[in-house]
Amino acid sequence: MPQLDTSTWFITILSSTITLFVLMQLKISTLNFPLSPSIKSTKLTKTDNPWESKWTKIYSPLSLLPQ
């Protein structure tokens with residue numbers, strides 16, 4: 057039974073890694089990123105809801121006393 061020749065494994069793995077690295081760098085370099093991101097205001101605006109101006113209470117039918 058012949059022995060497995062592993063002498064070329066190092067150069068194969070190294071060349072594959074370098075090739076993948078170069079391809080990823082080329083892929084990333086084509087993307088457009090904003091140069092200076094703008095700061096957005098985080099101030100919340102208050103909305104007037106009709107149910108906030110008065111006191112309301114909701115009764116569950118199961119919590120009512122039997123008639």
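The numbering of the sequence shown is our numbering, which starts it at 57 and goes up by one.
Ideal Cβ placement from N, Cα and C applies to all residues, glycine included.
With H, G and I counted as helix, E and B as strand and the rest as coil, what does DSSP make of Ser94?
coil
Cutting at 6 Å between CB atoms, please list the residues of its own chain near Lys96, excluding the five before and the five after it.
none
Simplified DSSP assignment, three categories, for Lys99
coil
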